[in-house]
Structure formats: structure tokens, C-alpha cells
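In what follows, a single structure is set out as C-alpha cells and then discussed.
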Amino acid sequence: MEKRLQFRLTKSKVFQWIIILFAFLITIPLIAIIFYVLKTGLSKISWHFLTHIPKPVGEIGGGIANALVGSLLIVMVAAIIAVPIGILCGIYLSENKSSKIAYYSRLAVDILQGTPSIVIGIVVYFWIVKPIGTFSALSGSIALAVMMLPIVIRSTEETLKLLPDTLKEAGLALGLPYHKVIMRVIVPCGMSGILSGVMLSVARIAGETAPLLFTAFGNPYLTANILKPMQSLPLLIFNYATSPYDEWHDLAWGASLLLLIWVLLLNITTKWITRKWKVQL
Amino acid sequence: MVCSLIACNGGDNTTPGKMAGNASGGDKTLLGAGSTFVYPLFSKQFSEYNKLTGIKVNYQSIGSGGGILQLTNKTVDFGDSDAPLNEEQTQKIGVPVLHIPMCSGAVVLSYNLPTVKDTLKLTPDVIANIFLGKIKAWNDPQITSVNAGVQLPNTPIVVTHRSDGSGTTNIFTTYLAKVNTTWNTKPGKGSSINWPIGLGGKGNEGVAGLIKQTPGAIGYIELAYAIQNKMAFAKVQNKGGNFITPSVASTIAAGNIPLPADAKVSLTNTDAADGYPISGFTWALIYKEQSYNNRAQDRATNLVKLLWWNIHEGQQYCEGLHYAPLSTSAVSVAEAILKSATYNGKPILQ
Amino acid sequence: MEIVRKVLPKKVTFSYKKARLETAFKRTLLITALLMLMIAVGVFFTLVIHSIPSFRALGVNFFWSKTWDPVSNVYGALPFLLGTLITSFLALIISIPFSYAIAIYLGEYNTKGWLSGLLKNIVELVAAVPSVIYGFWALVVLVPLVRSLESKIGVAPYGVGIFTASLVLAIMIIPYAASLGRELIRMVPSALKEGAYSLGATRYEVLRHVVLPYTKSGLLAGLLLSLGRALGETMAVTMVIGNTSLLPDSIFAPGNTMASVIANEFTEADRTLYLSALIELGLVLFLVTLVINVVGKMIIKRFSNE
Chain A
0 MEKRLQFRLT
10 KSKVFQWIII
20 LFAFLITIPL
30 IAIIFYVLKT
40 GLSKISWHFL
50 THIPKPVGEI
60 GGGIANALVG
70 SLLIVMVAAI
80 IAVPIGILCG
90 IYLSENKSSK
100 IAYYSRLAVD
110 ILQGTPSIVI
120 GIVVYFWIVK
130 PIGTFSALSG
140 SIALAVMMLP
150 IVIRSTEETL
160 KLLPDTLKEA
170 GLALGLPYHK
180 VIMRVIVPCG
190 MSGILSGVML
200 SVARIAGETA
210 PLLFTAFGNP
220 YLTANILKPM
230 QSLPLLIFNY
240 ATSPYDEWHD
250 LAWGASLLLL
260 IWVLLLNITT
270 KWITRKWKVQ
280 L
Chain B
0 MVCSLIACNG
10 GDNTTPGKMA
20 GNASGGDKTL
30 LGAGSTFVYP
40 LFSKQFSEYN
50 KLTGIKVNYQ
60 SIGSGGGILQ
70 LTNKTVDFGD
80 SDAPLNEEQT
90 QKIGVPVLHI
100 PMCSGAVVLS
110 YNLPTVKDTL
120 KLTPDVIANI
130 FLGKIKAWND
140 PQITSVNAGV
150 QLPNTPIVVT
160 HRSDGSGTTN
170 IFTTYLAKVN
180 TTWNTKPGKG
190 SSINWPIGLG
200 GKGNEGVAGL
210 IKQTPGAIGY
220 IELAYAIQNK
230 MAFAKVQNKG
240 GNFITPSVAS
250 TIAAGNIPLP
260 ADAKVSLTNT
270 DAADGYPISG
280 FTWALIYKEQ
290 SYNNRAQDRA
300 TNLVKLLWWN
310 IHEGQQYCEG
320 LHYAPLSTSA
330 VSVAEAILKS
340 ATYNGKPILQ
Chain C
0 MEIVRKVLPK
10 KVTFSYKKAR
20 LETAFKRTLL
30 ITALLMLMIA
40 VGVFFTLVIH
50 SIPSFRALGV
60 NFFWSKTWDP
70 VSNVYGALPF
80 LLGTLITSFL
90 ALIISIPFSY
100 AIAIYLGEYN
110 TKGWLSGLLK
120 NIVELVAAVP
130 SVIYGFWALV
140 VLVPLVRSLE
150 SKIGVAPYGV
160 GIFTASLVLA
170 IMIIPYAASL
180 GRELIRMVPS
190 ALKEGAYSLG
200 ATRYEVLRHV
210 VLPYTKSGLL
220 AGLLLSLGRA
230 LGETMAVTMV
240 IGNTSLLPDS
250 IFAPGNTMAS
260 VIANEFTEAD
270 RTLYLSALIE
280 LGLVLFLVTL
290 VINVVGKMII
300 KRFSNE
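Protein chains in written order, with numbering that gives the first Met the number 0: chain A, 0 to 280; chain B, 0 to 349; chain C, 0 to 305.
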């Protein structure tokens with residue numbers, strides 16, 4: 000009897016250690032990547048790197064200013080498009096839990112969330128780039144906005160669903176019009192959850208490359224014209240990483256470090272915000 | 000809000016397509032796409048042109064096939080391809096497209112064998128057999144017999160090729176089809192073929208990157224890429240039986256033939272005794288009639304002026320980047336072609 | 000009280016203008032919801048319309064012909080279907096032990112505390128790293144490692160290939176099944192577990208015979224979500240898979256996935272049939288990920304409602 004029990008207890012202990020081992024093994028690739036990018040990229044970053052555009056092929060020097068500005072612009076425009084629409088849609092879905100339209104809309108959001116980013120790139124090419132006749136940062140922003148929307152919508156919906164109905168009813172009972180109740184009472188209460196959804200979506204698309212391949216296209220010059228092609232950090236990394244030029248590899252590493260820091264900072268800030276708000280995202 | 004952003008940038012936006020036209024006036028940008036073969040030269044030329052005139056030329060090297068497609072879709076001002084338009088492409092575009100030669104270059108067989116210090120010699124059949132997958136190791140007798148005295152290792156050959164539609168591939172496979180009957184039957188020549196074996200890289204850049212990182216690799220890339228990245232490349236036996244080192248001189252020798260009026264000609268398997276057999280032109284492609292999609296006249300003029308500069312003052316940058324400049328007769332043919340570009344029927348260049 | 004004072008209008012009387020504002024607002028909300036529906040439907044239709052030439056010319060044989068030859072205008076999707084399936088399933092299999100271990104650890108052994116929080120954050124950061132950075136790192140670090148492995152076991156030392164792509168994918172998809180699994184395991188009613196403990200079961204036995212069977216369908220849904228992510232992943236795979244449109248003959252061979260061939264060849268597909276064939280691949284990708292994601296979410300919903 001004792002031996003059987005001992006065996007079972009040891010089996011349990013061994014299992015526990017195996018689980019712990021396998022669970023923590025995931026830290027290895029993460030640390031390896033962060034460490035590698037940090038090590039290789041840090042030395043490449045300098046004031047010159049941040050303020051100059053790439054030099055012609057084969058010449059040393061140059062920087063990634065066009066990609067930095069490009070990324071910021073494209074992401075900003077995408078957010079301007081996606082955030083208002085996303086929040087409003089999230090409000091609708093949280094307010095109309097059982098209507099037919101809400102059901103299909105929610106289904107559409109789920110479908111879009113799982114759609115591969117390259118498919119979105121193809122579709123936006125046909126919707127925007129071909130009719131307008133030129134590649135543009137705007138079409139890239141639109142593609143990224145389509146990817147941001149599901150994340151913003153879901154987090155808004157989930158956040159608002161957590162708020163007690165009594166809040167809304169109190170506002171309505173006092174005679175407030177519906178839109179005031181939503182915009183001045185409900186949304187401000189859910190702001191941190193909504194905000195973290197927005198930041199997560201920005202973090203997600205800041206690193207997206209595939210949709211930009213056929214929309215924003217790339218540009219060796221610094222430009223702020225969103226109706227023209229524009230360079231962005233992920234595009235630069237992709238193109239330069241697969242090239243044979245060592246100077247370009249250096250630029251790609253510096254760019255990778257900046258991109259990684261940007262994305263990780265957004266994620267960490269989001270976590271800090273949600274800790275106050277316990278949102279299930 | 001999006002509409003107001005668009006409206007800010009030019010009057011009437013009632014029809015799509017007007018956008019492209021209206022976005023000029025003071026617009027000092029041009030958009031081009033295509034060949035990766037010529038990209039190192041363009042990169043330098045456009046940077047210098049920008050310093051001279053302030054015009055920013057955004058050229059994306061997505062491969063000749065990509066350049067042709069984007070030109071067909073009218074999403075770029077000009078394309079560049081190392082393969083002239085084939086019948087289907089010409090038919091699809093429907094209107095005349097001018098081919099303006101920009102320069103010629105050499106497609107070299109670059110390889111990654113750190114232990115081999117001498118330059119390898121390759122014959123047409125050996126090259127074909129390597130890319131057909133028939134020769135699998137570097138110390139195969141077919142290779143050693145041509146390279147007497149060179150110690151070749153027993154490493155497997157890793158073949159690399161283009162994964163995208165490429166004029167460079169077209170030059171290389173046209174050459175192989177001419178010199179090797181098996182290759183001519185299958186897989187044949189083209190910008191994008193069904194490779195029997197090998198890894199794919201995107202653009203000349205991608206293939207060069209693959210070769211550089213993979214020991215035992217061999218691939219075909221433009222000379223500039225090999226030299227800029229300090230990669231080894233082979234001497235190839237030409238029609239006359241001589242083993243020619245790819246260089247500006249041997250490319251010029253191969254290109255020293257009269258050009259037809261439309262400038263479409265292949266330089267592969269040249270008859271010239273000291274010509275490099277895998278050379279080719281690269282052509283800038285523009286619509287002959289430039290007023291399409293409500294393009295502004297300034298834009299068309301800027302474009303033609305840019306290309307005019309490329310075939311004249313721009314040629315000074317060729318040799319430094321290991322491209323062969325156009326011969327005088329080639330320049331006159333190019334000039335004639337450029338002069339035939341029209342806007343609403345009237346020639347753009349006077 | 001503050002809120003009430005701030006938002007109450009000065010004169011609380013009925014006004015047509017306010018009513019119109021309210022309807023306008025409600026209508027705007029409705030429009031945004033409809034917009035999402037339109038976008039999803041639009042994506043589907045755009046893909047279908049542009050795939051028609053290919054479907055008409057090549058028919059269903061498209062899916063099992065193995066020659067992709069743009070020169071002779073012959074297109075067969077089998078190499079890419081295989082490439083996609085092999086890389087995704089291999090990645091899934093590799094990732095299972097790790098995702099489940101994380102899920103079990105965070106859901107059962109250590110649900111609170113600093114170590115648990117740390118692991119949870121690490122897992123979420125793994126999901127946050129952009130795919131292109133994974134690709135770049137894999138190109139520079141994993142590929143040489145795989146190359147030396149390949150030389151040791153005697154296969155062609157490409158370095159790039161299906162195996163390398165599966166490795167990178169595995170790392171990238173671990174967080175999805177892991178976080179879903181954790182939620183589900185935490186939701187197992189304590190009454191069930193305590194019942195087992197009171198009968199003298201060890202921790203392992205409770206996990207094996209109570210928790211895991213209870214969460215079986217949910218864990219499956221987590222795997223489906225991971226699979227959906229793997230199928231659509233483009234950039235990291237494109238950078239290390241070798242870009243060869245041939246049928247892969249071993250897991251160390253180079254290959255191509257549907258997503259990577261689209262990324263490589265879309266901007267230059269100059270013939271109608273070529274472009275249409277690529278878009279048909281995109282359509283297949285869209286439909287497959289759609290089905291997987293919807294099925295996965297349905298399973299989760301049913302599980303959460305039980």
C-alpha cells in the first residue's frame with residue numbers, strides 16, 4: 000500500500016517538474032530574441048541614424064528617418080480611421096446584445112480578426128490602390144485600420160459589458176438623452192479598458208508588414224504626403240534583412256530594435272492600465 | 000475627414016484617377032518600379048539627379064515582372080525590365096510602350112566556396128547541368144575537368160534562383176536555352192520558370208543574400224551585386240571558346256552591336272570573341288502617349304527629361320558601379336525612341 | 000452627484016432637436032456595425048470575383064496539380080497547400096507540449112503570485128513581437144543552427160526550409176493556445192477538483208482525470224486558434240522557407256506556403272490567369288482560417304456557457 004502511494008506521489012511530483020520545465024522554456028526564445036536585437040541593434044542607433052535617410056546602394060552611412068516618420072504617420076492615420084469607428088461599433092454591440100444585426104456584425108468582426116494580413120493587403124490593393132492609380136501611405140493605413148478594428152471593437156464591447164446596467168439606467172432615469180448617457184457616462188467609465196484596446200491594436204499593426212507590401216509600397220525619401228508611397232519600419236526591415244548588403248543589415252537591426260521597443264512599450268503600458276481595470280481582452 | 004485630406008491635395012476629386020493627375024503641378028516626385036538588376040545604378044543616378052534638379056524619384060526594386068505589371072496597372076510612372084515585353088504583356092497593355100535602354104550589365108554565376116581561392120571556370124553545359132540538378136557536388140568530374148589544378152571540396156551544390164518574376168532570370172535562361180538543348184526543351188526561358196531544383200530568393204538582393212549565407216551555394220546575379228558584396232564569381236566560356244571574366248569591358252564587347260529601332264535585342268551568347276556571354280540590356284518602360292488617366296503635362300515632361308538625363312549625363316555613373324554604358328549608336332537609338340514620346344499627340348521633347 | 004450636475008442640461012424639457020440628435024447617434028452606431036459586416040462581405044466578394052478567371056480555367060484540379068509554372072501559364076496549388084499544411088501542423092505539434100505546460104502551470108499549479116504574473120507577461124510579450132523581427136532573427140540565428148544540424152544528419156544543408164519555418168511558427172503560436180488553455184483550466188469548478196482530492200487523488204491524477212477531460216473541447220479550440228494563426232502567418236515564414244514552388248520531398252526541403260507565394264509573386268503577376276491563381280490561393284486561405292476561427296470560437300462559447 001505504501002509503495003503504491005509513494006509511486007503515485009512521485010509521479011505527481013515528477014509531472015509537476017516537467018510542467019514547470021516546459022512552461023518556462025518559452026522564456027528562452029523570447030530572451031534570445033530581445034537580447035540579440037538589443038545587442039546588434041544598439042550600436043547602430045545614433046542621432047545620425049535617426050535623422051538621415053538611406054544612402055544609395057553600397058554606400059555606408061545613412062539612416063532610417065524615412066521609415067520612422069513613415070511608420071508614425073501610417074499608424075497615426077490608421078488609428079484616426081479605426082478608433083472612432085471601432086469604439087462606436089463596440090458601443091453598438093454591447094448595447095444590442097441580441098439583435099440580428101449585432102449577431103452578424105459580431106460574426107463579421109470575428110472573421111476579420113482571423114483573416115490573414117496578406118489577404119487584407121490584396122483586397123485593399125483592389126479597393127484603393129488600383130482605382131486611385133498609385134500606391135499610397137493612405138491605402139496602407141486603410142489596410143492597417145481594417146486590422147485594428149476587430150481588436151478595438153472587441154475590447155470596447157467587453158469593457159462596456161462589464162459595466163453595471165444600473166449606471167446607464169440611472170442616467171436615463173434622470174432624463175439624459177441616450178447619446179449623452181453613452182458618451183458622457185458609460186464611455187468615460189470604461190475609458191481605461193477602451194484605451195488599452197486601442198493601444199494593443201496599435202502595437203499589433205505597428206509591426207505588420209504584409210498589408211503594406213502592396214499598398215504603401217516603400218519610398219527611399221522622407222515624405223509626409225500620405226497620398227504617395229511611404230516607407231515604414233517593418234517594410235524596411237523585411238527588404239534590408241533579405242538583402243546581401245552589410246550596411247543594409249545594420250540599418251535593419253537598428254530599425255528592429257526601435258520597432259521592438261515601441262511595440263513592447265505599448266504592451267507594457269497596456270498591462271499597467273488593465274491592472275487597474277481587470278479587463279478580459 | 001479622409002475626403003478632406005484628399006481634397007486638400009488637388010481640386011476636383013469627382014473621378015478616381017484624376018488623383019494621379021492632380022497631384023502634380025508643383026509635384027516633384029516620380030514613381031518607378033521594376034528590375035532589381037539595374038537597382039544599384041538607379042539608386043545612384045536618382046540620388047544625383049535629386050541633387051541636381053530636386054526631383055525625387057522613388058524607385059522600388061520589385062523585379063522586372065512587377066515593374067511591367069505596375070506599369071500596366073498605371074500605378075507607376077515608369078517601369079524597368081531586363082526582358083522586353085512579351086506578346087501577352089504587349090497585348091494586355093494595348094497601347095504602345097517605349098523601351099529605352101538604360102545600360103547593359105553582366106549576369107554572373109556567383110558561388111560560396113570559402114576554401115577555393117582561384118576563380119572557377121564554367122562551361123555552358125556545366126552551368127546547365129548544375130541548374131538542372133544533374134551535377135550535385137562541387138568536386139564532380141564535370142567541374143574538375145574544366146578547372147585543372149583547383150582543389151574543389153566535396154560539398155553539395157546548393158542552387159539558388161529567383162522566386163519572383165525577373166528580367167535577370169530571363170537573360171540567364173535565354174542564354175541557357177541557346178547553349179543547351181536539354182534546357183531549351185524544359186524548363187525553357189522566361190522571367191519566371193519552373194526551376195527543377197534550388198532555393199528561391201526575392202530579387203537580385205535576395206539571391207545574393209542566399210549565396211552569401213549558404214556555403215556551397217551558386218546562383219546568378221548581376222555583376223554589381225557580386226562586386227559590392229565581395230562575392231566570388233566564375234569565368235564563363237563564350238561562343239568563341241574563351242573563358243571570359245565578367246566585367247565592364249567584356250559587357251561592352253558583348254553589347255557592341257547595332258540596335259534595332261525599337262531597341263529590343265538580346266545580348267546573350269554573343270559572337271564577340273572577348274564578349275561575356277551572359278549579358279543583357281535593361282530598358283526603362285513608359286507609355287508612348289503620356290496623357291492617360293489625366294496625367295499632368297509637367298509630370299510627363301519631368302519623366303522624359305529624367306530618362307534623357309539617364310542616357311546622357313547619367314551614364315557617367317555606370318562604370319563605377321560595374322555596368323556597361325550605352326555605346327554611341329545605342330544612345331542615338333535611345334534618343335530617337337524618347338523623342339517619339341508624345342503628350343496628346345505632340346512630342347514632349349522638342 | 001458631480002456627474003449628474005455636469006451632464007444635466009440647463010432646461011430639462013423635451014425638444015425635437017435633442018430627439019433628432021439621439022436618433023442620429025443611434026443610427027451612427029448602427030452604421031458602424033453594418034460597416035463591419037460590409038467589410039467582411041466585401042473581402043469575400045473581392046476575393047471571389049478575382050478568382051473567377053482561375054476557377055473557370057483550371058477548375059478543381061487546381062488543388063491537386065503540382066506544377067506551378069508561370070511561364071507556361073500552368074498553375075497548381077498542391078505545393079503550397081502541402082507547404083502550408085506541413086508547416087502549420089508541424090508547428091502546432093511542436094508547440095503543444097509548451098502551450099499546455101504553460102496553461103496547466105498558470106491555470107492549476109500557480110495561479111497567483113509574482114512568478115505566475117511574470118510567466119503570463121512573458122507569454123504575452125512573445126505574442127507581441129512583430130513577425131518580421133521573428134523572421135529576421137530566425138534568418139540570422141536559427142538558419143545557421145538548422146544548417147549545421149542538416150550537415151550532421153546528412154541532408155542538403157540549406158538551412159532554410161520547411162523545418163526552420165515550422166520552428167519559428169511554433170514559437171509564435173504558443174501564446175494563443177496557452178492563454179486560452181489557462182482561462183479554461185481556471186474555470187474548472189473547484190467542487191469537482193476538491194471531490195477528487197478528498198478521495199485521495201494526487202495532483203497529477205486530478206489534472207489527468209478531472210481537469211483535462213473537463214476542458215478537452217476548450218483546449219481543442221485553443222489549438223484551432225493557434226492553427227488559424229499559423230496558417231495565415233506570412234512574413235516570418237517567407238524569410239526562412241526557401242521560396243521554392245516545388246513539392247517538398249522532406250521536412251528539411253525548401254518549400255512555399257500559400258501566404259508566402261502571394262507575398263513573393265503578387266506585385267508581378269502580370270497575366271490575368273497568374274494573378275487570378277494567386278488570389279484563388281488567397282481565397283482558400285481566407286476560407287480555411289475563417290472556418291477554423293469560427294469553429295474555435297463556437298466551441299469556446301459553448302464551453303463558457305456550460
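Cβ coordinates follow ideal geometry from the N, Cα and C atoms, glycine included. Just so it is clear, the structure is predicted and the values come from calculations on it, not from any experiment.
(request) Note down, in chain order, all residues in the region 231 to 242 of chain A with a beta-carbon under 8 Å from any beta-carbon belonging to chain B. (result) Asn238, Thr241, Ser242
(request) Would you kindly report the start and end of the unbroken alpha helix (DSSP H) that includes Glu1 of chain A? (result) For this step, residue 1 of chain A is matched to residue 2 along the first sequence. Start and end: 1 to 23.
(request) Could you check the C-alpha separation between Asn95 of chain A and Ala101 of chain A for me, to the nearest Å? (result) Counting from one through the first sequence, the residue named residue 95 of chain A turns up at place 96. Counting from one through the first sequence, the residue named residue 101 of chain A turns up at place 102. So the two alpha carbons sit approximately 6 Å from each other.
(message) Helix, strand or coil for Pro218 of chain B? Go by DSSP, reduced to three states.
(response) As a position in the second sequence, residue 218 of chain B is number 219, starting the count at 1. With the sequence shown as reference, residue 218 of chain B is identified as Gly, and Pro is not the correct amino acid for it. Three-state DSSP puts Gly218 of chain B in a strand.
(message) Please report whether the beta-carbon of Pro55 of chain A lies at a distance below 8 Å from any beta-carbon of chain B.
(response) Taking the first residue of the first sequence as position 1, residue 55 of chain A is located at position 56. Under the 8 Å criterion on CB atoms, Pro55 of chain A is classed as interfacial with respect to chain B.
(message) By the three-class DSSP mapping on this structure, what secondary structure does His311 of chain B have?
(response) Translated into the one-based positions of the second sequence, residue 311 of chain B becomes position 312. Here His311 of chain B sits in coil by DSSP.
(request) Determine the chain B residues that contact Arg270 of chain C at a beta-carbon separation under 7 Å, and present them in chain order. (result) As a working note, residue 270 of chain C is residue 271 in the third sequence. In chain order: Glu87.
(message) By alpha-carbon positions, which one of B:Cys317, B:Gly344, B:Pro346, B:Leu302 ends up nearest to Val75 of chain B?
(response) The residue you call residue 75 of chain B lines up with position 76 of the second sequence. That would be B:Leu302, whose Cα lies nearest to the Cα of Val75 of chain B.
(request) Express the C-alpha separation of Gly106 of chain C and Gly89 of chain A in angstroms, rounding to a whole number. (result) What you label residue 89 of chain A is simply residue 90 of the first sequence in a count that begins at 1. What you label residue 106 of chain C is simply residue 107 of the third sequence in a count that begins at 1. Cα to Cα, Gly89 of chain A sits roughly 29 Å from Gly106 of chain C.
(message) Let me make sure I understand the geometry here. Which of C:Ala39, C:Met171, C:Phe251, C:Asn255 has the alpha-carbon closest to that of Lys28 of chain A?
(response) To locate residue 28 of chain A, count along the first sequence from 1; it is residue 29. At residue 28 of chain A the sequence reads Pro, which differs from the Lys that was named. Here the closest residue by C-alpha is C:Met171.
(message) Only counting the same chain, and skipping five residues up and downstream in sequence, which positions put a Cβ closer than 7 Å to that of Lys177 of chain B?
(response) Residue 177 of chain B sits at position 178 when you count from the first residue of the second sequence. For Lys177 of chain B, where only same-chain residues beyond five positions count, the Cβ hits under 7 Å are Thr267, Asn268.
(message) So, at 6 Å on beta carbons, what are the nonlocal neighbours of Gly279 of chain B in its own chain, with the 5 sequence-adjacent residues on each side left out?
(response) The count along the second sequence starts at 1 and reaches residue 279 of chain B at position 280. Excluding positions up to five away in sequence, the list reads Asp81, Ile170, Leu266.
(message) Just to make sure I have the definition right: I need the residues of chain A whose C-beta is within less than 9 Å of the C-beta of Gly358 of chain B. Which are they?
(response) Residue numbering for chain B in the displayed model covers 0 to 349; residue 358 of chain B lies beyond these limits and cannot be assessed.
(request) State the CB to CB distance for the pair Ser323 of chain A and Thr114 of chain A, rounded to an integer number of angstroms; the pair is presumed to be in contact (CB under 8 Å). (result) Lying outside 0 to 280, the shown extent of chain A, residue 323 of chain A is not represented and no answer is given.
(request) Step through the CB atoms of chain C and report whether any lies within less than 8 Å of the CB of Val330 of chain B. (result) As a first step, residue 330 of chain B is located in the second sequence; it is residue number 331 there, counting from the start. For Val330 of chain B, the answer is no, since every Cβ of chain C falls outside 8 Å of its Cβ.
(request) Would you kindly work out how many angstroms separate the C-alpha atoms of Gln314 of chain B and Leu223 of chain C, rounded to a whole number? (result) Against the second sequence, residue 314 of chain B aligns to sequence position 315. Against the third sequence, residue 223 of chain C aligns to sequence position 224. If you take the alpha carbons of Gln314 of chain B and Leu223 of chain C, they lie about 58 Å apart.
(request) Please list, in chain order, all residues of the same chain as Thr86 of chain C whose beta carbon is under 8 Å from its beta carbon, the five residues on each side excluded. (result) For this step, residue 86 of chain C is matched to residue 87 along the third sequence. Closer than 8 Å at the Cβ level, and outside the excluded window around Thr86 of chain C, lie Ile161, Ala164, Ser165, Leu168, Ala229, Val236, Ile240, Gly254, Thr256.
(message) Buried or exposed, going by whether 16 or more other CB atoms sit within 10 Å of the CB of Arg301 of chain C?
(response) Locating residue 301 of chain C in the third sequence gives position 302, counting from the first residue. In the assembly as shown, Arg301 of chain C is an exposed residue. Its beta-carbon has fewer than 16 other beta-carbons within 10 Å.
(request) Identify every run of the alpha helix (DSSP H) within the region 80 to 144 of chain A, keeping only runs that are complete inside it and at least 4 residues long; order them along the chain. (result) Counting only runs of 4 or more, we get 99 to 113, 116 to 123.
(request) Can you check DSSP and say which residues form a bridge with Glu149 of chain C? (result) Start at 1 with the first residue of the third sequence, and residue 149 of chain C comes out as number 150. Paired residues: none, contrary to the question.
(request) From the DSSP output, in three-state form, read off Ala270 of chain A for me. (result) Against the first sequence, residue 270 of chain A aligns to sequence position 271. The sequence as given places Lys at residue 270 of chain A; Ala does not occur at that position. Lys270 of chain A: helix per DSSP, three-state reduction.
(message) When you compare the region 255 to 265 of chain B with the region 331 to 339 of chain B, are there three or more beta-carbon pairs, one atom per stretch, that lie closer than 8 Å?
(response) yes
(request) Please list, in chain order, all residues of the same chain as Gly75 of chain C whose beta carbon is under 7 Å from its beta carbon, the five residues on each side excluded. (result) Taking the third sequence and counting its residues from 1, the one referred to as residue 75 of chain C is at position 76. Excluding positions up to five away in sequence, the list reads Phe61, Ser64, Lys65, Thr66, Trp67.
(request) Measuring alpha carbon to alpha carbon, tell me which of B:Ala248, B:Leu306, B:Gln289 ends up nearest Asp273 of chain B. (result) For the purposes of this step, residue 273 of chain B is identified with residue 274 of the second sequence, where counting begins at 1. Checked all of B:Ala248, B:Leu306, B:Gln289; the closest Cα to Asp273 of chain B is B:Ala248.
(request) Can you grab the Cα-Cα spacing for the pair Ala271 of chain B / Ala253 of chain B, in whole Å? (result) Residue mapping note: residue 271 of chain B aligns to position 272 of the second sequence, counting from 1. Residue mapping note: residue 253 of chain B aligns to position 254 of the second sequence, counting from 1. Using only the alpha carbons, I get a separation of about 6 Å.
(request) Check whether the Cβ atoms of Leu325 of chain B and Lys338 of chain B sit closer than 8 Å, and answer yes or no. (result) Residue numbering aside, residue 325 of chain B sits at position 326 when the second sequence is read from its first letter. Residue numbering aside, residue 338 of chain B sits at position 339 when the second sequence is read from its first letter. No.
(message) Any beta carbon of chain C sitting closer than 8 Å to that of Thr155 of chain A?
(response) For this step, residue 155 of chain A is matched to residue 156 along the first sequence. Answer no: the Cβ-Cβ gap between Thr155 of chain A and chain C never drops below 8 Å.
(request) Just mark His208 of chain C as buried or exposed, buried being the case when its beta carbon has 16 or more other beta carbons within 10 Å. (result) Here residue 208 of chain C refers to the residue found at position 209 when the third sequence is read from its first residue. Under this definition His208 of chain C is an exposed residue.
(request) Rounded to whole angstroms, what's the CA-CA distance from Ala32 of chain C to Ile48 of chain C? Just pull it up for me. (result) Your numbering for residue 32 of chain C matches position 33 in the third sequence. Your numbering for residue 48 of chain C matches position 49 in the third sequence. If you take the alpha carbons of Ala32 of chain C and Ile48 of chain C, they lie about 24 Å apart.
(message) Any beta carbon of chain A sitting closer than 8 Å to that of Ser130 of chain C?
(response) Indexing the third sequence from 1 puts residue 130 of chain C at position 131. Yes, contact with chain A.
(message) So, with DSSP's three-state summary, where would you put Tyr174 of chain B?
(response) Residue numbering aside, residue 174 of chain B sits at position 175 when the second sequence is read from its first letter. Residue state, collapsed to three classes: helix.
(message) Please report the straight-line C-alpha distance between Val197 of chain A and Gly194 of chain C, rounded to a whole angstrom.
(response) Within the first sequence, the letter at position 198 stands for residue 197 of chain A. Within the third sequence, the letter at position 195 stands for residue 194 of chain C. C-alpha separation (whole angstroms): 43 Å.
(request) Verify the CB distance criterion: does Leu30 of chain B have a CB-CB separation below 8 Å to chain A? (result) As a first step, residue 30 of chain B is located in the second sequence; it is residue number 31 there, counting from the start. So yes, Leu30 of chain B belongs to the interface.
(message) Which residue marks the beginning of the alpha helix (DSSP H) containing His49 of chain C, and which one marks its end?
(response) As a working mapping, residue 49 of chain C is identified with position 50 in the third sequence. Boundaries of the alpha helix (DSSP H) harbouring His49 of chain C: 15 to 57, taken from the DSSP string.
(request) Can you grab the Cα-Cα spacing for the pair Ser135 of chain A / Thr154 of chain B, in whole Å? (result) Residue numbering aside, residue 135 of chain A sits at position 136 when the first sequence is read from its first letter. Residue numbering aside, residue 154 of chain B sits at position 155 when the second sequence is read from its first letter. Approximately 47 Å, taken between the alpha carbons.
(request) Verify whether the separation of the beta carbon atoms of Asp163 of chain B and Gly66 of chain B is less than 8 Å. (result) Here residue 163 of chain B refers to the residue found at position 164 when the second sequence is read from its first residue. Here residue 66 of chain B refers to the residue found at position 67 when the second sequence is read from its first residue. Not in contact: Asp163 of chain B and Gly66 of chain B (Cβ atoms no closer than 8 Å).
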